[in-house]
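Protein chains in written order, with my numbering: chain A, 186 to 303; chain B, 186 to 303. C-beta: ideal position from N, C-alpha, C; glycine also.
Number of protein chains: 2
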Amino acid sequence: MGCKIAEFQQEQKKRIRSVQDSMDVLNGKWKIAIISSICCFGTRRFSDILNDVEGISNRMLSKELKELEVNQLITRTVLATQPITVQYELTEHGDTLQTIISNLTDWGQVHRQKITGK
Amino acid sequence: MGCKIAEFQQEQKKRIRSVQDSMDVLNGKWKIAIISSICCFGTRRFSDILNDVEGISNRMLSKELKELEVNQLITRTVLATQPITVQYELTEHGDTLQTIISNLTDWGQVHRQKITGK
DNA sequence: CTGAATCCAGATGGATACTG
DNA sequence: CAGTATCCATCTGGATTCAG
Numbered sequence: 186m187g188c189k190i191a192e193f194q195q196e197q198k199k200r201i202r203s204v205q206d207s208m209d210v211l212n213g214k215w216k217i218a219i220i221s222s223i224c225c226f227g228t229r230r231f232s233d234i235l236n237d238v239e240g241i242s243n244r245m246l247s248k249e250l251k252e253l254e255v256n257q258l259i260t261r262t263v264l265a266t267q268p269i270t271v272q273y274e275l276t277e278h279g280d281t282l283q284t285i286i287s288n289l290t291d292w293g294q295v296h297r298q299k300i301t302g303k
Numbered sequence: 186m187g188c189k190i191a192e193f194q195q196e197q198k199k200r201i202r203s204v205q206d207s208m209d210v211l212n213g214k215w216k217i218a219i220i221s222s223i224c225c226f227g228t229r230r231f232s233d234i235l236n237d238v239e240g241i242s243n244r245m246l247s248k249e250l251k252e253l254e255v256n257q258l259i260t261r262t263v264l265a266t267q268p269i270t271v272q273y274e275l276t277e278h279g280d281t282l283q284t285i286i287s288n289l290t291d292w293g294q295v296h297r298q299k300i301t302g303k
């Protein structure tokens, strides 16, 4: 007790673990892009996202969506249209990612210029 | 021209690409944790980070640090101590990730409670 | 101490074809 | 349309050993 430095380091380790927790959820080549797509349109269908996120395959989209659903970031709703369509939506919890997404968008733009644009 | 919907969708695709750009840089199991470690201490040595980021191997740390350096997020300084030590520091550009790191830390904490804590 | 080198299992992800 | 199934190459990352 009283060892401020050790305390600080413990605090820091906790923080790092928290960041890791976030990244575990948002990991995978496409997850953030998918959330970003759904987020901006409010509600989005499978084929729409497939089109929004350039380069993703339906196999990957399906897999990533499932993981996001398990982590309670999005909800899946089957619509009784012909043929069937499926809607994805952010949960309240998923919605809390908005700030991060927005920041990442801005940062990505600046970074691209920094690296390539010179 | 005048097709507002198509315009909006193009804008959206750009945004998604920007998020992808960010994630490309921050990808890898440990990158954010490493940045987080350096960020909080201002300057950090190899062995310190190795200790901060639980579970990482020196092989991975070395690799991820190199990538971060290439992307100009950190700088590497060799100190002429005996034995040699190496210091890592955020660049000005890397520093701009602070907000994102901070948000991810907070979000990760909330998320963990949401999922496990229940 | 700070890596680089090697070995290797398992995860990731693309292409393609198929189903309800 | 919204997936699932299969095949397969590549990537990831851990363990361990070695080097300056």
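For a quick check, are the C-beta atoms of T290(A) and R229(B) less than 8 Å apart?
As a working note, residue 290(A) is residue 105 in the first sequence. As a working note, residue 229(B) is residue 44 in the second sequence. No, the Cβ-Cβ distance between T290(A) and R229(B) is not below 8 Å.
Determine the contact status of L275(B) and I259(B), defining contact as a CB-CB distance below 8 Å.
In the second sequence, residue 275(B) corresponds to position 90, counting from 1. In the second sequence, residue 259(B) corresponds to position 74, counting from 1. For L275(B) and I259(B), yes; Cβs fall inside 8 Å.
Check whether the stretch 245 to 263 of chain B touches the stretch 203 to 213 of chain B, taking contact to mean three or more Cβ pairs, one atom from each stretch, closer than 8 Å.
Yes: at least three Cβ pairs fall under 8 Å.
Please check the pair C224(B) and Q294(B), which I expect to be a contact at CB under 8 Å, by giving their CB distance rounded to whole angstroms.
By one-based count along the second sequence, residue 224(B) stands at place 39. By one-based count along the second sequence, residue 294(B) stands at place 109. The pair is not a contact, with the Cβ atoms about 17 Å apart (cut-off 8 Å).
Can you tell which of I219(B), R297(B), C188(B), A265(B) has the C-alpha that lies nearest to the C-alpha of N243(B)?
Along the second sequence, read from residue 1 onward, the residue named residue 243(B) stands at position 58. Looking at I219(B), R297(B), C188(B), A265(B), the one whose alpha-carbon comes closest to that of N243(B) is I219(B).
Given this structure, state the Cα-to-Cα distance separating F231(A) from N288(B), to the nearest angstrom.
Locating residue 231(A) in the first sequence gives position 46, where the first residue counts as 1. Locating residue 288(B) in the second sequence gives position 103, where the first residue counts as 1. F231(A) and N288(B): Cα-Cα distance of roughly 29 Å.
Figure out for me which residue from K189(B), E196(B), D280(B), I234(B) has the closest Cα to the Cα of Q272(B).
Your numbering for residue 272(B) matches position 87 in the second sequence. Cα-wise, what sits closest to Q272(B) is I234(B).
Mind checking if C188(B) is an interface residue toward chain A, Cβ cutoff 8 Å exclusive?
Translated into the one-based positions of the second sequence, residue 188(B) becomes position 3. Nearest CB-CB separation between C188(B) and chain A: not below the 8 Å threshold.
Here's the rule I'm using: 16 or more other beta-carbon atoms within 10 Å means buried, otherwise exposed. How should I269(B) be labelled?
Here the question's residue 269(B) lines up with position 84 in the second sequence. Exposed is the call here.
Please compile the residues from chain A whose C-beta is within a distance smaller than 7 Å of the C-beta of M245(B).
Within the second sequence, residue 245(B) is the residue found at index 60, counting from 1. Here the premise fails: no neighbours, minimum Cβ distance about 13 Å.
Helix or strand or just coil, what does DSSP make of E239(B)?
For the purposes of this step, residue 239(B) is identified with residue 54 of the second sequence, where counting begins at 1. Note: E239(B) maps to coil in three-state DSSP.
Chain A contact residues for E239(B), given Cβ-Cβ distances below 8 Å
As a working note, residue 239(B) is residue 54 in the second sequence. Going along chain A in sequence order, the residues near E239(B) (Cβ under 8 Å) are K198, I201, R202.
In terms of alpha-carbon separation, which member of G302(A), I300(A), H296(A), L250(A) lies closest to G213(A)?
Start at 1 with the first residue of the first sequence, and residue 213(A) comes out as number 28. Sorting G302(A), I300(A), H296(A), L250(A) by C-alpha distance to the C-alpha of G213(A) places L250(A) at the top.
What separation, rounded to the nearest whole angstrom, lies between the Cα atoms of A265(B) and H278(A)?
Counted from its first residue, the second sequence places residue 265(B) at position 80. Counted from its first residue, the first sequence places residue 278(A) at position 93. A direct Cα-to-Cα measurement between A265(B) and H278(A) gives close to 49 Å.
S203(A) versus W292(B) - alpha carbon distance:
Looking up residue 203(A) in the first sequence gives position 18. Looking up residue 292(B) in the second sequence gives position 107. Distance between the alpha carbons of S203(A) and W292(B) is about 8 Å.
I need the DSSP call for T262(B), collapsed to helix, strand or coil.
Here the question's residue 262(B) lines up with position 77 in the second sequence. Three-state DSSP puts T262(B) in a strand.
Can you tell which of H296(A), E192(A), W215(A), I190(A) has its C-alpha closest to the C-alpha of S247(A)?
For this step, residue 247(A) is matched to residue 62 along the first sequence. Comparing Cα positions, the closest option is W215(A).
Segments assigned alpha helix (DSSP H), at least 4 residues, entirely inside the stretch 187 to 241 of chain B:
189 to 211, 216 to 226, 231 to 237, all fully within the stretch 187 to 241 of chain B.
Please report the distance separating the alpha-carbon of Q194(A) from that of E196(B).
The sequence position of residue 194(A) within the first sequence is 9, counting from 1. The sequence position of residue 196(B) within the second sequence is 11, counting from 1. The alpha-carbon separation between Q194(A) and E196(B) amounts to approximately 43 Å.
Grab the span of the beta strand (DSSP E) containing L275(A) for me, first residue to last.
The count along the first sequence starts at 1 and reaches residue 275(A) at position 90. Membership of L275(A) in the beta strand (DSSP E) is indicated by the continuous run 270 to 275.
Could you name the residues of chain A that S221(B) contacts, counting a contact when the two beta carbons are closer than 7 Å?
Residue numbering aside, residue 221(B) sits at position 36 when the second sequence is read from its first letter. Within 7 Å Cβ-Cβ: R200, I201, V204.
Rounded separation between K198(A) and G227(B) - CA only
Working through the first sequence from its first residue, we reach residue 198(A) at position 13. Working through the second sequence from its first residue, we reach residue 227(B) at position 42. Each residue's alpha carbon lies about 15 Å from the other.
Burial state of I217(A), where buried means 16 or more other Cβ atoms lie within 10 Å:
By one-based count along the first sequence, residue 217(A) stands at place 32. The residue in question, I217(A), is buried, as its Cβ has 16 or more Cβ neighbours within 10 Å.
Please check if any C-beta of chain A sits within less than 8 Å of the C-beta of T260(B).
If you number the second sequence from 1, residue 260(B) lands on position 75. Not one beta carbon of chain A lies nearer than 8 Å to the beta carbon of T260(B).
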